[in-house]
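**Student:**
There are 2 protein chains.
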Amino acid sequence: MKRPKRPTIRDVAEKAGVSIATVSKYVNGQQSFSQGVEERLRDAINELAYSQNSLARAMVTGRTTAIGLAVMDLANPHYSNVVKGANRVALANGYNLFVVDMEESLAAVRPLLEALVPRTDGLIVSARIPKDVTDWLAELDKPVAFLGQPERDDVLTVGTDSVHVAALLAQYLVRQGFKRFGYVGYSRAPSNSDRLQGLKQVLEPAGVELLIFDVDEPTNEAGERAAARVLLHPDRPDVIIGWNDLVAIGMMNEARSLGFRIPDDVAFAGIDNIPVSRYVTPPLTTVDVCSQATGEVVMKKIIALIEGKPQPTGLVLEPALITRESTQRRST
Amino acid sequence: MKRPKRPTIRDVAEKAGVSIATVSKYVNGQQSFSQGVEERLRDAINELAYSQNSLARAMVTGRTTAIGLAVMDLANPHYSNVVKGANRVALANGYNLFVVDMEESLAAVRPLLEALVPRTDGLIVSARIPKDVTDWLAELDKPVAFLGQPERDDVLTVGTDSVHVAALLAQYLVRQGFKRFGYVGYSRAPSNSDRLQGLKQVLEPAGVELLIFDVDEPTNEAGERAAARVLLHPDRPDVIIGWNDLVAIGMMNEARSLGFRIPDDVAFAGIDNIPVSRYVTPPLTTVDVCSQATGEVVMKKIIALIEGKPQPTGLVLEPALITRESTQRRST
DNA sequence: TTCATGGAGGTAAACGCTTTCCTATTGCCG
DNA sequence: CGGCAATAGGAAAGCGTTTACCTCCATGAA
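So the protein lines, in turn, are chains L and A.
For what it's worth, this note's numbering labels the leading residue of the first sequence as 1, then goes sequentially.
For what it's worth, this note's numbering labels the leading residue of the second sequence as 1001, then goes sequentially.
(1) Identify whether residue 183 of chain L lies in helix, strand or coil by the three-state DSSP scheme.
(2) Against chain L, does residue 1005 of chain A count as a neighbour if the rule is that its beta carbon must be under 8 angstroms from one of theirs?
(3) I'd like to know if residue 1271 of chain A contacts chain L, where contact means its C-beta is closer than 8 angstroms to some C-beta of that chain.
(4) Return the CA-CA distance between residue 67 of chain L and residue 1234 of chain A, expressed in angstroms with no decimal places.
(5) Decide if residue 1042 of chain A is buried, meaning its Cβ has at least 16 other Cβ atoms within 10 Å, or exposed.
(6) For a test of the three-state rule: what should DSSP assign to residue 1046 of chain A, helix, strand or coil?
(7) Here's the rule I'm using: 16 or more other beta-carbon atoms within 10 Å means buried, otherwise exposed. How should residue 1077 of chain A be labelled?
(8) When the distance is taken between beta carbons, is residue 1209 of chain A closer than 8 angstroms to residue 1180 of chain A?
(9) Going by other Cβ atoms of all chains shown within 10 Å of its Cβ, with 16 needed for buried, is residue 1253 of chain A buried or exposed?
(10) Return the residue from the list L:207, L:266, L:226 and L:217 that minimises the CA-CA distance to residue 236 of chain L.
(11) With a floor of 3 residues, list each beta strand (DSSP E) that falls wholly inside the region 1073 to 1132 of chain A, ordered by position along the chain.
(12) Among the candidates A:1212, A:1178, A:1243 and A:1279, whose CA atom is the shortest distance from the CA of residue 1186 of chain A?
(13) Any Cβ of chain A within less than 8 angstroms of the Cβ of residue 240 of chain L?
(14) Tell me whether residue 1159 of chain A sits in a helix, a strand or coil according to DSSP, three-state version.
(15) From residue 1334 of chain A to residue 1270 of chain A, what distance separates their C-alpha atoms?
(16) Can a CB atom of chain L be found closer than 8 angstroms to the CB of residue 1281 of chain A?
(17) For residue 1198 of chain A versus residue 1166 of chain A, is the C-beta distance shorter than 8 angstroms?
(18) Can you find a heavy atom of the ligand GDP that lies under 7 angstroms from the Cβ of residue 1276 of chain A?
(19) Is any beta-carbon of chain L found at less than 8 angstroms from that of residue 1059 of chain A?
(20) Buried or exposed for residue 1097 of chain A, going by 16 or more other Cβ atoms inside 10 Å?
(21) Can you give me the C-alpha to C-alpha distance between residue 1291 of chain A and residue 1251 of chain A, rounded to a whole angstrom?
(22) Using CA coordinates, which residue listed in A:1173, A:1135 and A:1297 is at the minimum distance from residue 1318 of chain A?
(23) What residues from chain A crowd round residue 249 of chain L, counting only those whose CB sits closer than 9 angstroms?
(24) When the Cα of residue 128 of chain L is compared with those of L:154, L:120, L:92 and L:70, which residue comes out closest?
(25) Do you know how far the Cα of residue 147 of chain L is from the Cα of residue 124 of chain L?
(26) Does the region 126 to 143 of chain L come close enough to the region 276 to 286 of chain L to have 3 or more Cβ pairs within less than 8 angstroms?
(27) Pull up the CB-CB distance for residue 1061 of chain A and residue 1120 of chain A, whole angstroms please, since I reckon it's below 8 angstroms.
(28) With DSSP as the reference, label residue 60 of chain L as helix, strand or coil.
(29) Ignore the nearest five residues each way along the sequence and tell me which others in residue 1182 of chain A's own chain have a CB closer than 6 angstroms to its CB.
(30) According to a CB-to-CB cut-off of less than 8 angstroms, which residues of the region 188 to 209 of chain L neighbour chain A?
(31) Taking all protein chains shown into account, decide if residue 258 of chain L is buried (16 or more other Cβ within 10 angstroms of its Cβ) or exposed.
(32) Express the C-alpha separation of residue 171 of chain L and residue 1304 of chain A in angstroms, rounding to a whole number.
(33) By the three-class DSSP mapping on this structure, what secondary structure does residue 196 of chain L have?
(34) Could you spell out the range, first to last residue, of the beta strand (DSSP E) harbouring residue 1322 of chain A?
(35) So, helix, strand or coil for residue 1276 of chain A, using DSSP?
(36) Along chain A, which residues have their Cβ under 8 angstroms away from the Cβ of residue 49 of chain L?
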């Protein structure tokens, strides 16, 4: 269909009657040229629609001007926002951002990253990948940053403190007068135990019950499936905290189908503050984990690292409690 | 910080005491080896933690086993789903998918794509990019596919028919008895006029009014901003169609804040059937545009193209009307 | 007129790999 | 034990660039 091979620097040189070195210098704006040469070069490039082969360039310079960002699930708005933030900063600094979706398939993650590494100057990887892969990445010859909770203290990690996030939410809910807490976690995430710790830290001293449930994926659908299990529990919670907003929203929806009034029969809260949490009914109480800022910060840091400026390895962002109607009882 | 240069095939060859050709053959499993060599190779590779430099490989083979997908806005769940579909198919076929977010910044799109082209075996680009870029892409030496409405008939394009999508929705709404239609479009998208055409095609014969408004970006926020303009119009519509679900949801939310009852005072419908449209209150009537299937289909086709199997250039998916409560009046 | 100066433009090596084409060794059969 | 095919392993070219280094010519100062 499209036979014509891409033109190379050699084609341009030939057409313009100069050496390839000259073309290279012209394309990269490295020196000035006599009027004749400059003109011929410009014409040749336009006629051939030449553009640099970034692969070949990267091979010799060792720089790709690209950064890779590997996330667990692009369909999760939390990650979409991280990507947004990262992308803006990358573009503003002249880097391209290549995003790859690991699809929660932890097994296949290594080859995927191996393919990504040589194509980029630095990598941002969402945590929650196998330890051996983490270690391999950390030993790499190029900067790597992680999203989430630090697993090693010698590598750049950006995120909020899960313990703190959970505690923040629990404190507020206790103050609201809730007595029986349900937590629907995602045990495959390492930070699940941190969140539990944060909850217990607040709930135990307050003498409040905590029932723990689990979902097998952090999605709306999993939340819907989990809802009945939680709501029909003999000791039904009066407030349910979802692993994230997606799970909480799924549960809340199902709860309504089952005839529960929210928040009066049962209240819900999530974590992440994804955009839609404002739009569901009732609007969802949640904790803002600075998704977009995370992307921005991690990108700034990794660019600094790429450019040889050493950076502190850990960076924790301050979460913010977002209270909405899903936890505000009229009686209170 | 991380001084050690990545090991190359040469390091492995040296350590194992063989030639680099042998290492290459081993790594790519191209021939059998004597026991001694095989063992030394395996050990050397493990000890050095060697992995191929995919850039160098791509240079010589001319194949990257990667596909690029450039979308307008990754934060739009419609695109997230396209990506999901595409990613699954890519992975299943041994390709990596690199996603880039063009951020609606049409000006900077050309350099971005120029960087992407040499790094991939094929490109999928969401339509709505400048004509000259489209043409440049179409002339490329590698397969390109577009998402959306075909702008040229010699290049693979996958999507739903915008005229049809709009008509489908309009038909249903007319049948529901709505009399004054509002349409809040996104005029910067070429398909906006197709949608208008689809609406008019149905509404004019039915003798139904159509008021047209515009948003400057297809987001929740833009919907919220537009809502007042539409709702306070002297000739207020009894049903409002948003450019997409995001806009519709934003408007609906604002409408409720303004005290309108939905759908009794004013009904809303969107387009795309993004996941959250089920979870808002009331659930949003919309048209499913097969986001995920679009991704799957376009990826299958482009892989076929890469592997030399010619494909039909156009492929239109059948949209499906999704009726929900946001347009179901109790009175009806 | 001469000679240093500087800048335009060229030559060739190198980046890390694959692949074609050889060579040399092995195993097998008669 | 001789001869042949089969096959393990190596040498070298080449993918499209950049870049260090070199040459050459024009310019200007003495």
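All residues carry an ideal CB built from backbone N, CA and C; glycine is no exception.
**Tutor:** In short:
(1) strand
(2) yes
(3) no
(4) 51 angstroms
(5) exposed
(6) helix
(7) buried
(8) yes
(9) buried
(10) L:266
(11) 1096 to 1101 and 1122 to 1126
(12) A:1243
(13) no
(14) strand
(15) Absent from the model: residue 1334 of chain A. The displayed extent of chain A is 1001 to 1332, so no value can be given.
(16) yes
(17) yes
(18) Ligands are entirely absent from the displayed structure, and the ligand GDP is therefore not among its contents.
(19) yes
(20) buried
(21) 22 angstroms
(22) A:1297
(23) 1276 and 1279
(24) L:70
(25) 7 angstroms
(26) no
(27) Actually they are not in contact, since the Cβ atoms of residue 1061 of chain A and residue 1120 of chain A sit about 14 angstroms apart, beyond 8 angstroms.
(28) helix
(29) 1211, 1230, 1237 and 1240
(30) none
(31) exposed
(32) 56 angstroms
(33) helix
(34) 1320 to 1322
(35) helix
(36) 1136 and 1139
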